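Okay, structure first, notes after.
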Amino acid sequence: MGTTASSSSPLRIGLAGLGTVGAGVIRLLQSNGDLIAGRAGRPIEVTAVSARERGKDRGVDISGFAWEDDMTALAARDDVDVVVELVGGSDGPALTLSRAAFNGGKSLVTANKAMIAHHGMELARQAEAGGHALKFEAAVAGGIPVVKGLREGASANELTRVYGILNGTCNYILTTMEATGADFGETLAEAQALGYAEADPTFDIEGVDAAHKLAILATIGFGVELDFANVDTVGIVQVRAADIAQADALGFVIRLIGEADVQNDADGPKLLQRVRPCLVAKDHPLAPVDGPTNAVVAEGNYVGRLLFQGAGAGDGPTASAVVADLIDIARGDVGTPFSAPVDALAKLAPAEPGGRMGRAYLRFTVNDRPGVLAEITAAMRDADVSIESLIQLGLQKAGGGSDDNEVLVAMVTHEGPEANVGKALALLDGSDSLTGEPLVLPIMA
Ligand SMILES: NC(=O)c1ccc[n+]([C@@H]2O[C@H](COP(=O)([O-])OP(=O)(O)OC[C@H]3O[C@@H](n4cnc5c(N)ncnc54)[C@H](OP(=O)(O)O)[C@@H]3O)[C@@H](O)[C@H]2O)c1
Numbered sequence: 376m377g378t379t380a381s382s383s384s385p386l387r388i389g390l391a392g393l394g395t396v397g398a399g400v401i402r403l404l405q406s407n408g409d410l411i412a413g414r415a416g417r418p419i420e421v422t423a424v425s426a427r428e429r430g431k432d433r434g435v436d437i438s439g440f441a442w443e444d445d446m447t448a449l450a451a452r453d454d455v456d457v458v459v460e461l462v463g464g465s466d467g468p469a470l471t472l473s474r475a476a477f478n479g480g481k482s483l484v485t486a487n488k489a490m491i492a493h494h495g496m497e498l499a500r501q502a503e504a505g506g507h508a509l510k511f512e513a514a515v516a517g518g519i520p521v522v523k524g525l526r527e528g529a530s531a532n533e534l535t536r537v538y539g540i541l542n543g544t545c546n547y548i549l550t551t552m553e554a555t556g557a558d559f560g561e562t563l564a565e566a567q568a569l570g571y572a573e574a575d576p577t578f579d580i581e582g583v584d585a586a587h588k589l590a591i592l593a594t595i596g597f598g599v600e601l602d603f604a605n606v607d608t609v610g611i612v613q614v615r616a617a618d619i620a621q622a623d624a625l626g627f628v629i630r631l632i633g634e635a636d637v638q639n640d641a642d643g644p645k646l647l648q649r650v651r652p653c654l655v656a657k658d659h660p661l662a663p664v665d666g667p668t669n670a671v672v673a674e675g676n677y678v679g680r681l682l683f684q685g686a687g688a689g690d691g692p693t694a695s696a697v698v699a700d701l702i703d704i705a706r707g708d709v710g711t712p713f714s715a716p717v718d719a720l721a722k723l724a725p726a727e728p729g730g731r732m733g734r735a736y737l738r739f740t741v742n743d744r745p746g747v748l749a750e751i752t753a754a755m756r757d758a759d760v761s762i763e764s765l766i767q768l769g770l771q772k773a774g775g776g777s778d779d780n781e782v783l784v785a786m787v788t789h790e791g792p793e794a795n796v797g798k799a800l801a802l803l804d805g806s807d808s809l810t811g812e813p814l815v816l817p818i819m820a
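Residue 519 in this note's numbering sits at position 144 of the sequence shown, and the numbers go up by one each step.
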């Protein structure tokens with residue numbers, strides 16, 4: 376490959392995707408070119424590009440680059456050392472190009488968390504077999520150097536837990552609901568109008584994007600095989616303004632948290648990976664993280680608690696991460712894609728859902744009639760869930776809903792087996808006292 380450190384010849388880039396991030400990379404390479412060449416020890420130059428529409432105005436000058444209609448052709452070009460994939464999508468053209476890059480003897484840099492979460496093991500194996508680099512700093516938390524931070528900076532530690540705010544769209548929505556008292560639908564529409572949410576926000580608001588990033592972080596943090604399929608994922612769609620108000624009254628904020636840890640059960644270590652809206656104490660370092668910001672906390676046995684925080688998206692921050700990967704490759708750093716060679720990554724069984732101890736916030740919407748509260752508290756008692764506090768409010772007063780006959784019952788449990796909450800809900804399943812699905816939010820320890 377043409378990516379050795381000793382060379383002072385330029386590192387030549389074939390860039391696929393000229394959207395938000397792709398154009399950002401070109402802008403950054405053009406404006407900081409001298410600084411980047413100084414740090415990399417050689418210039419980094421785009422030689423060829425590809426996107427769908429050749430004539431589109433992208434706000435950057437691409438006239439000096441060769442154009443490929445078929446982006447896979449970038450992988451076969453003699454004047455390309457590194458393919459940069461900024462197209463997106465877990466499969467399809469991005470994956471075809473990535474495989475072709477390694478087959479063509481190139482290294483690959485990508486910002487594509489969906490592709491890495493689904494196919495990272497295969498691609499890493501291919502990269503390692505050929506002695507090529509596979510780097511994806513921009514895939515997790517945009518501009519925040521958390522992949523490098525955990526893979527290199529914290530690599531001497533046994534990490535016990537990695538968790539954080541991994542999706543800027545959800546964080547913007549939740550913190551805006553907190554600030555304005557508005558409900559979810561209204562706030563989502565506003566986020567879309569302001570460009571903080573996609574026209575199709577499904578992957579963000581249902582937690583899938585955060586789950587992609589969490590699976591990658593778990594692999595890097597714990598040296599385990601990627602296991603996206605077992606990320607227990609719940610998004611923010613069910614969170615009401617009333618929940619945020621209740622959480623506030625109890626001393627918490629609500630954040631969408633991706634959390635991973637390894638616990639040693641009697642029959643071996645198990646990997647917990649879950650994405651959930653959680654109650655976070657107001658004095659926790661993640662509580663003040665607002666707007667589209669991302670933040671990741673990692674706890675290591677020697678380093679203690681690390682906090683990474685910054686812009687999780689946007690052209691500039693994401694391009695910053697992509698180009699940092701290119702600088703590493705220009706310096707001759709092939710490394711391993713994850714924190715250990717693929718064959719050394721441990722294969723862990725997923726943790727049993729509900730197998731942990733914890734506190735939870737529970738919210739029911741119920742018919743306003745005698746006996747309902749007693750029915751709910753009886754289910755809690757029968758499932759051995761101990762209630763720490765309980766609030767009952769008319770929905771109008773609670774900031775949501777319009778039905779005068781509906782009330783909201785919110786409670787916080789004492790610490791206990793999470794599975795017991797599930798048992799209590801099962802006892803209430805089908806009850807005609809409930810007017811909607813109950814909401815259960817873990818309280819972050
Ligand atoms: N945006 C962010 O802040 C951010 C942050 C972190 C990671 N990422 C990741 O970065 C990647 C790119 O995101 P983005 O926001 O830059 O996306 P984007 O603005 O939608 O740009 C996608 C680019 O890919 C091109 N493209 C799409 N399908 C193609 C095809 N079949 N053949 C050739 N080109 C094709 C598009 O071409 P045309 O322009 O001609 O349509 C466009 O230039 C994604 O994996 C995303 O998850 C983005």
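Where a beta carbon is used, it is the ideal one built from N, C-alpha and C, also for glycine.
Computed from a predicted structure; not experimentally measured.
Under 7 Å: does the beta carbon of residue i sit that close to some heavy atom of ligand 1?
i      : result
Leu461 : yes
Leu393 : yes
Asn542 : no
Ala572 : no
Val614 : no
Glu428 : yes
Ser425 : yes
Met446 : yes
Ala662 : no
Lys431 : yes
Ala499 : no
Lys588 : no
In whole angstroms, what is the alpha-carbon distance linking residue i and residue j?
i      : j      : result
Arg526 : Ala469 : 24 Å
Trp442 : Val424 : 5 Å
Gly506 : Leu625 : 54 Å
Ala391 : Ala564 : 31 Å
Ala489 : Val583 : 9 Å
Gly707 : Asp665 : 38 Å
Tyr547 : Arg649 : 20 Å
Leu809 : Phe739 : 7 Å
Glu634 : Pro728 : 13 Å
Asp579 : Phe511 : 19 Å
Asn320 : His493 : The question about residue 320 has no answer, for the chain in this structure spans 376 to 820.
Thr447 : Gln621 : 52 Å
Val815 : Phe559 : 17 Å
Arg503 : Gly495 : The question names Arg, but residue 503 in the sequence shown is Glu. Distance between the alpha carbons of Glu503 and Gly495 is about 12 Å.
Gly570 : Gly543 : 11 Å
Glu415 : Asp602 : Note that residue 415 is Ala in the sequence shown here, rather than Glu. Each residue's alpha carbon lies about 34 Å from the other.
Lys847 : Glu428 : With the chain running from 376 to 820 in the structure shown, residue 847 is simply not present.
Ser381 : Ala574 : Per-residue confidence for Ser381 stands at a pLDDT of 46, beneath the threshold of 50, marking its modelled position as unreliable; the derived number appears in the next sentence. Their backbone Cα atoms lie some 46 Å apart in a straight line.
Lys588 : Ala514 : 7 Å
Ile540 : Ala696 : 18 Å
Judging by CA-CA distance, which residue of the options is the nearest neighbour of residue i?
i      : options                           : result
Val435 : Thr711, Ala516, Leu472 and Asp690 : Asp690
Ala572 : Ala794, Ala688, Gly394 and Gly791 : Ala688
Leu386 : Gly495, Asn546, Leu404 and Asp456 : Asp456
Glu420 : Arg651, Glu428, Val400 and Ile388 : Ile388
Asp636 : His789, Pro745 and Ala820         : Ala820
Leu647 : Asn605, Glu561 and Val609         : Asn605
Val671 : Ala531, Asp454, Ala699 and Lys523 : Lys523
Met787 : Asn478, Gly811, Tyr736 and Val521 : For the sequence presented, residue 787 should be read as Val rather than Met. Out of Asn478, Gly811, Tyr736 and Val521, Tyr736 has the C-alpha closest to the C-alpha of Val787.
Arg402 : Ala616, Ala450, Ala785 and Pro692 : Pro692
Gly439 : Gln405, Glu674 and Leu803         : Gln405
Ala616 : Ala398, Met552 and Gln501         : Met552
Please report the residue range of the beta strand (DSSP E) in which residue i lies.
i      : result
Leu386 : Leu386 to Ala391
Gly633 : Phe627 to Asp640
Met732 : Met732 to Asn742
Ser425 : Ile419 to Ser425
Arg680 : Gly679 to Ala686
Ile619 : Note, Ile619: premise wrong, no beta strand (DSSP E); alpha helix (DSSP H) at Ala616 to Ala624.
Ser482 : Ser482 to Thr485
Pro817 : Leu814 to Ile818
Glu460 : Val457 to Glu460
Gly675 : Thr668 to Gly675
What residue range does the alpha helix (DSSP H) around residue i cover?
i      : result
Ala656 : Taken as a continuous stretch (DSSP letters only), Ala656 belongs to no alpha helix (DSSP H), being part of the beta strand (DSSP E) at Gly643 to Ala656.
Arg474 : Gly467 to Asn478
Val583 : Val583 to Phe597
Pro692 : Asp690 to Ala705
Val396 : Thr395 to Ser406
Leu498 : Lys488 to Gly505
Thr577 : Thr577 to Ile580
Can you check whether the C-beta of residue i is within less than 8 Å of a C-beta belonging to chain D?
i      : result
Pro418 : Although the question refers to chain D, the structure presented lacks it and comprises just one protein chain.
Could you tell me whether any non-hydrogen atom of ligand 2 is closer than 7 Å to the CB of residue i?
i      : result
Ala566 : Ligands present in the displayed structure are limited to ligand 1, and ligand 2 is not among them.
Jot down the residue ranges of each uninterrupted beta strand (DSSP E) in the region 744-800, minimum 3 residues, whole runs only, in chain order.
762-769 and 781-788
Every unbroken alpha helix (DSSP H) inside the region 531-574 [4 residues or more]
List check, alpha helix (DSSP H) in window: 543-555 and 559-568.
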